[in-house]
Amino acid sequence: MSTHAKTLYIGMMSGTSLDGIDIALVTFKDKLSVLAQTFLPFSIELKQQIKLLTTPGENEVERIAETEYLLTQCYATAVKTLLEKNTISAKDVCAIGAHGQTIRHIPPSSNHQGYTLQLLNPSLLAALTGIDVVSNFRQKDIALGGQGAPLVPAFHQYIFTELDNNGIKTIEPQKPVAIINIGGISNISWLNTSSSQGYDLGPGNTLLDNWYQKHQQGSYDKEGNWGKSGTLNECLLKELLQDKYFQLTPPKSTGPEYFNLKWLQACLRTNTDILPEDIQATLTELTALIITNAVNSVSPQAEVYICGGGQHNKFLLNRINTHLLHPLKLTQELGIDGDYMEAAAFAWLAMSRVRKHPVELKQITGASKNAILGGLFLAG
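Residue 114 in the numbering used here is what sits at position 114 of the sequence shown, and the numbering runs on without skipping anything.
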């Protein structure tokens, strides 16, 4: 039996970019350590099926069931691939923390209860892998009056400020630090400040990817080169920034159900005759500004670390740097690959559930109290 027995956890995340599954093998023996990580891309067919479910349509119940089954099989394949590559037995893994694929996230409001829906069959995943699965992380937080998102800021608090001797660079006490995750949606985690610990900022890659797919071949704007070829349209940018979401105070959360091409097209009705590449440049500036406005409004002197798929968009990072006092850094400098930060977070959430540790989300999501998150689905 592995020396990591009962300390090994797997974390899995598939985000709103719909590119595939990030998976990380993590140990919590003595210190947190990411032992291995890999990525399994979605097939074009599965990606399209998921994308269709993110907006209302016909025969949704049957399509959800079919897509969830295919997605869960894909998750199981990712687990088996990770274990085989690293010669790890399934019996040595304590649990899998599997987020699933969000197809709807409607945060609670004054006139709406709010709900969140992730595709995944955790019982099937447990049966296919032979490993206990922890899933359904967001529902308990919403039941307690929270937003259900974001969850990762709680992990950032744990890994960068609370653990000693964990093999990861220690963030200086009392020095303000912002960790920005740029996925489909961008979110911020504040460390060492009195500000709200974390919340969703708004669009990260989702508008950039969707606009690129509408006008170019491929799924994303590599390194932001197409956006870089365009010219910022100040009038359009001003209108985009006037959206009511950007005026809300935390706690708050959002998703591509809100920030999508339909949202963009509504703004373009009063901003016509703009070249597609100029719109891409303007969307890049929008993401840069919602990030830097959030940082500068709390602590302009803060160190800012970036993680998530957006870290590969060189044009976006350049625009962010333009508005900050200090150059951006990547979370690799803190010891965790930014592409697998969220996967590691869900391994930690699984560990927290198995050990019955409440997750400190009250200040982040607005829940009435901290709670043990997720349901445990046994393999045996």
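In this text, a Cβ means the ideal position worked out from N, Cα and C, and glycines have one as well.
Around the beta carbon of Gly198, 16 or more other beta carbons lie within 10 angstroms, which makes this residue buried. A check of alpha carbon separations from Gln311 across Ile185, Leu373, Thr249, Ala143 identifies Ile185 as the nearest.
As far as DSSP is concerned, Gly374 takes part in no beta bridge.
Beta-carbon to beta-carbon, Gly202 and Thr254 are separated by about 6 Å, close enough to satisfy the 8 Å threshold.
For Pro300, same chain residues with a beta-carbon under 6 Å away, outside a window of 5 residues either side, are Leu325 in chain order. The shortest CA-to-CA distance from Leu40 to any of Phe28, Gly15, Val26, Ser33 is the one to Gly15.
Contact between the region 250-270 and the region 215-232 is not established, with fewer than three Cβ pairs separated by less than 8 Å. Residue range 206-215 is occupied by the alpha helix (DSSP H) that includes Thr206, with no beta strand (DSSP E) assigned at that position.
Just so you know, the alpha carbons of Trp211 and Asp92 end up roughly 44 Å apart. In this model, Gly97 and Ala154 are separated by some 15 Å (Cα to Cα). Between the alpha carbons of Lys47 and Cys74 lies a distance of about 12 Å. By the criterion of a C-beta distance shorter than 8 Å, Lys356 is surrounded in its chain by Ile372, once the five residues flanking it on both sides are discounted. Setting aside the 5 residues that flank it on each side, Glu60 is surrounded in the same chain by Leu53, each with a C-beta closer than 8 Å to its C-beta; the list follows chain order. Under the DSSP definition of a beta bridge, Asn233 lacks any partner. The alpha-carbon separation between Ile180 and Ile290 amounts to approximately 11 Å. Cα atoms of Trp190 and Leu378: separation of roughly 35 Å, rounded to the nearest angstrom.
Boundaries of the alpha helix (DSSP H) around Ile290: 276-298.
Rounded to whole angstroms, the gap between the alpha carbons of Gly308 and Pro122 is 25 Å. Setting aside the 5 residues that flank it on each side, Ala149 is surrounded in the same chain by Ser253, each with a C-beta closer than 6 Å to its C-beta; the list follows chain order. Spatial neighbours of Leu128 in its own chain (CB-CB distance under 6 Å, excluding positions within 5 residues in sequence) are listed in chain order as Ala76.
Fully contained in the region 43-124 are the following beta strand (DSSP E) runs of length 3 or more, in chain order: 93-98, 101-106, 115-119. In this structure, Val34 lies away from Arg353, with their beta-carbon atoms at least 8 Å apart.
For Gln139, the enclosing alpha helix (DSSP H) covers residues 139-143.
For Ala178, the three-state secondary structure derived from DSSP is strand.
Under the criterion of beta carbons closer than 8 Å, Gln147 and Pro108 qualify as touching, at roughly 7 Å. Ala367 is not bridged by DSSP to any residue. Burial state of Lys314 is exposed, judged by a 10 Å Cβ sphere holding fewer than 16 other Cβ atoms. Going by beta carbons, Ile10 and Ala281 fall outside the 8 Å limit. Look at Ile306 here: in three-state DSSP terms it is strand. For the 8 Å CB-CB criterion, Glu68 and Leu119 form a contact. Here Gly184 carries a coil assignment [DSSP, helix/strand/coil].
Asn187 counts as buried, since at least 16 other C-beta atoms from the protein chains shown sit within 10 angstroms of its C-beta. When the beta-carbon positions are compared, Glu342 and Met13 come within less than 8 Å of each other.
Annotated three-state conformation of Thr129 is helix, per DSSP.
The beta-carbon separation of Lys329 and Val304, rounded to 7 Å, stays under the 8 Å limit for a contact.
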